[in-house]
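In this note's numbering, the protein residues as written are 178 to 494.
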């Protein structure tokens with residue numbers, strides 16, 4: 178620090194405080210401008226021989242001179258134009274599954290976790306009918322990757338969405354799912370205990386939710402077990418979601434589709450694997466996990482609402 182401060186500055190300090198030695202004067206100045214990258218440490222005298230510190234006001238002009246001297250000796254900074262304004266954000270490649278996640282986020286109004294049963298029921302008020310129907314439609318693009326024998330199931334899901342749209346239009350297009358179902362209940366077309374008229378918004382939504390639960394369980398299962406086949410994971414998901422509600426004809430038809438599903442490599446290719454640099458299985462599984470989480474929120478919220486309104490006694494979450 179003594180090399181960075183001019184001899185004249187130290188002399189000025191001694192003029193203000195004559196009893197200071199040259200070293201003591203330098204220490205006082207160095208202590209004031211320590212933030213200016215002091216390089217040399219000067220050992221101060223012992224406390225017994227140290228003179229009283231002078232008032233700051235008396236040394237203020239000298240300190241200012243010392244700061245200017247140190248600033249003049251500093252290396253000039255680089256022009257701002259030489260420094261990047263920002264570091265570009267590194268994003269991983271996204272598959273078609275990411276669009277599904279975004280669609281479900283829009284349907285639930287961007288809200289967070291599902292919470293407990295009470296919070297889930299209240300969250301059902303935030304499900305907007307228009308965004309919900311669009312999210313269901315987008316999600317069916319994933320089901321189309323399950324194989325041609327699953328096409329009848331996709332067709333049936335599309336028919337259910339059309340039933341909802343028709344009922345929604347007749348009832349004046351209520352904004353939220355709760356408002357739509359309450360309006361339909363007000364027409365007295367349904368009976369207690371989940372005995373629903375077909376066609377209606379309620380019965381179509383019950384089946385749309387069950388189908389969504391199947392797809393969600395399938396995607397979640399693939400992320401948990403990388404060695405399992407698509408057919409085995411789908412069969413397990415079917416047993417836990419749709420099978421309890423199917424008659425023997427539907428069970429037989431559906432199981433044919435499950436057994437004819439493509440192998441995992443083909444399935445991942447259909448989802449976009451290899452279509453972009455870095456879009457490999459790991460990236461696809463990350464997207465799958467996001468979709469499964471987003472859809473599970475919808476399954477829970479729809480189920481809580483349908484159960485609360487006595488439209489589906491089996492939907493309790």
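Yeah, the Cβ is synthetic: ideal placement off N, Cα and C, and Gly gets one too.
Is residue i helix, strand or coil when you go by DSSP?
| i | result |
| --- | --- |
| residue 368 | strand |
| residue 386 | helix |
| residue 400 | helix |
| residue 436 | helix |
| residue 373 | coil |
| residue 413 | helix |
| residue 452 | coil |
| residue 285 | coil |
| residue 276 | helix |
| residue 360 | helix |
| residue 422 | helix |
| residue 493 | coil |
| residue 314 | helix |
| residue 381 | helix |
| residue 488 | coil |
| residue 405 | coil |
| residue 268 | coil |
Using the Cα positions of residue i and residue j, report the straight-line distance between them to the nearest angstrom.
| i | j | result |
| --- | --- | --- |
| residue 424 | residue 303 | 34 angstroms |
| residue 272 | residue 315 | 13 angstroms |
| residue 476 | residue 453 | 31 angstroms |
| residue 434 | residue 318 | 16 angstroms |
| residue 371 | residue 430 | 25 angstroms |
| residue 450 | residue 466 | 16 angstroms |
| residue 388 | residue 333 | 10 angstroms |
| residue 493 | residue 480 | 6 angstroms |
| residue 490 | residue 461 | 35 angstroms |
| residue 392 | residue 369 | 29 angstroms |
| residue 412 | residue 310 | 26 angstroms |
| residue 401 | residue 473 | 15 angstroms |
| residue 443 | residue 322 | 9 angstroms |
| residue 312 | residue 478 | 15 angstroms |
| residue 324 | residue 349 | 38 angstroms |
| residue 455 | residue 284 | 29 angstroms |
| residue 426 | residue 459 | 38 angstroms |
| residue 470 | residue 274 | 12 angstroms |
| residue 330 | residue 380 | 16 angstroms |
| residue 268 | residue 446 | 21 angstroms |
| residue 161 | residue 407 | There is simply no residue 161 to check, as the chain begins at 178 and stops at 494 in what is shown. |
| residue 281 | residue 365 | 31 angstroms |
List the DSSP bridge partners of residue i.
| i | result |
| --- | --- |
| residue 305 | 353 |
Which residue marks the beginning of the alpha helix (DSSP H) containing residue i, and which one marks its end?
| i | result |
| --- | --- |
| residue 474 | 458-485 |
| residue 329 | 328-347 |
| residue 443 | 441-447 |
query = Are the stretch 336-349 and the stretch 400-420 in contact at 8 angstroms, needing three or more beta carbon pairs?
reply = no
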